[in-house]
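> Going line by line, the protein sequences match chains A and B. Sequence positions in the first sequence follow the numbering used here and run 0 to 136. Sequence positions in the second sequence follow the numbering used here and run 0 to 136. Glycine residues also receive a C-beta, built at the ideal position from the N, C-alpha and C atoms.
Number of protein chains: 2
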Amino acid sequence: MSSTIDLLRTSGVKVTPGRVRVYEALAAAAQPLSHADLEARLPDADRVTLYRVLDTLVVCGLAMKAVDARGVFRFSASGAQSEHRRHAHFRCTDCGRVFCLKDAPPPPPKLPRGFRLADAEYDLRGTCANCARAHHK
Amino acid sequence: MSSTIDLLRTSGVKVTPGRVRVYEALAAAAQPLSHADLEARLPDADRVTLYRVLDTLVVCGLAMKAVDARGVFRFSASGAQSEHRRHAHFRCTDCGRVFCLKDAPPPPPKLPRGFRLADAEYDLRGTCANCARAHHK
DNA sequence: CAATATTTGCAACACTGTTGCATTTGCAAC
DNA sequence: GTTGCAAATGCAACAGTGTTGCAAATATTG
Chain A
0 MSSTIDLLRT SGVKVTPGRV RVYEALAAAA QPLSHADLEA RLPDADRVTL YRVLDTLVVC
60 GLAMKAVDAR GVFRFSASGA QSEHRRHAHF RCTDCGRVFC LKDAPPPPPK LPRGFRLADA
120 EYDLRGTCAN CARAHHK
Chain B
0 MSSTIDLLRT SGVKVTPGRV RVYEALAAAA QPLSHADLEA RLPDADRVTL YRVLDTLVVC
60 GLAMKAVDAR GVFRFSASGA QSEHRRHAHF RCTDCGRVFC LKDAPPPPPK LPRGFRLADA
120 EYDLRGTCAN CARAHHK
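#1: Using DSSP's beta-bridge definition, name the partner residues of residue 32 of chain A.
#2: Rounded to a whole number of angstroms, what is the C-alpha to C-alpha distance between residue 30 of chain A and residue 13 of chain B?
#3: Please determine, among A:28, A:3 and A:55, the residue with the shortest C-alpha to C-alpha distance to residue 19 of chain A.
#4: Check whether the Cβ of residue 57 of chain B lies closer than 8 Å to any Cβ atom in chain A.
#5: I'd like to know whether the C-beta of residue 119 of chain B is nearer than 8 Å to at least one C-beta of chain A.
#6: Is it the case that the Cβ atoms of residue 21 of chain A and residue 53 of chain A are separated by a distance below 8 Å?
#7: Terminal residues of the continuous alpha helix (DSSP H) containing residue 24 of chain A?
#8: Residue 8 of chain B: which of B:50, B:61 and B:48 sits nearest, CA to CA?
#9: If I measure Cβ to Cβ from residue 10 of chain B and keep anything under 7 Å in the same chain, skipping five residues before and after, which residues do I get?
#10: Against chain A, with Cβ distances strictly below 8 Å, would residue 5 of chain B count as a contact?
#11: Tell me whether residue 96 of chain A sits in a helix, a strand or coil according to DSSP, three-state version.
Printed below as a string of structure tokens:
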């Protein structure tokens, strides 16, 4: 099994206690966590450092960042696969969770002449099964 | 033709100059507007009143509220905006311009059971014709 | 026009996120 | 180990977005 330390090292960022603890908190969580959630779980962490650690994890691909329905950023551990580009994502507008759809991504539409495609993202938004159920409780 | 005043009256809320102006600004906009956008368009409006007017319009069904990628609420007059949803966008990573692709977007993939699709966006990124040509100068 | 429930404007606040800068720390090279 | 230095941290201050309380103004109803 690959430790958090190895994950960080492999991702090319310095290994610090803060990054280890934040990543492990994200990985242990069942839901994407907001900055406030993480502050509650890691009471000793500095507010600003926490923001910067989260940024680092997102940039190096270890975490994903999304916006929930209240406009708050939520973060989730993304298990280090940066293959997140070429398949469709479903983002729940309620809980902010992102689901990867395994179905083959649809072929990109034709582009005007001269345009060069670097990257494509099919983003679906809506309500996930959990939140849909919770809605008409 | 139904004037804004009639729309408001029909929706069961008091008709005030602020509500009329805000609704008409929303209806005239090509994109959903943030609170800040509206403040720029209506320089005389009070900040807080603007928030409350927007809330009222949403509650009475004349406007829709959504969160953008930066976590900011954006508002649009109901009825508008359903057409800008279902087509693909190409964003040039060089000049930042966004092009709307007229071709019909591919059908959304199948979702897991219980998931409800509200909105889909096919985002392509790359280099537009202009910038591609400029590149091998 | 008068009565009254709503709405407005203002001040103050709360939450989320960012920037600048001095200090500490990871880590690589000795 | 020790050292050097870029990077990360902690702190303070700030910026943007949204909310609450309350007194004054106003849209509707009769």
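Let me lay it out:
#1: Taking the first residue of the first sequence as 1, we reach residue 32 of chain A at position 33. The partner list for residue 32 of chain A (beta bridge, DSSP) reads A:74.
#2: As a position in the first sequence, residue 30 of chain A is number 31, starting the count at 1. As a position in the second sequence, residue 13 of chain B is number 14, starting the count at 1. Between residue 30 of chain A and residue 13 of chain B, the alpha-carbon positions lie close to 42 Å from each other.
#3: As a working mapping, residue 19 of chain A is identified with position 20 in the first sequence. Looking from the CA of residue 19 of chain A, the closest CA among A:28, A:3 and A:55 belongs to A:3.
#4: Indexing the second sequence from 1 puts residue 57 of chain B at position 58. Cβ-Cβ to chain A under 8 Å: no for residue 57 of chain B.
#5: On the second sequence, residue 119 of chain B is found 120 positions in, with the first residue counted as 1. Yes, residue 119 of chain B lies at the interface with chain A (some Cβ there is under 8 Å from its Cβ).
#6: If you number the first sequence from 1, residue 21 of chain A lands on position 22. If you number the first sequence from 1, residue 53 of chain A lands on position 54. For the pair residue 21 of chain A and residue 53 of chain A, the CB atoms are nearer than the 8 Å cut-off.
#7: Walking along the first sequence from the start, residue 24 of chain A turns up at place 25. DSSP places residue 24 of chain A in the uninterrupted alpha helix (DSSP H) bounded by 16-27.
#8: As a working mapping, residue 8 of chain B is identified with position 9 in the second sequence. Nearest option by C-alpha distance: B:61.
#9: The sequence position of residue 10 of chain B within the second sequence is 11, counting from 1. Within the same chain, residue 10 of chain B has close Cβ partners 59, 60 and 61.
#10: The sequence position of residue 5 of chain B within the second sequence is 6, counting from 1. Answer no: the Cβ-Cβ gap between residue 5 of chain B and chain A never drops below 8 Å.
#11: The count along the first sequence starts at 1 and reaches residue 96 of chain A at position 97. Three-state DSSP puts residue 96 of chain A in coil, outside helix and strand.
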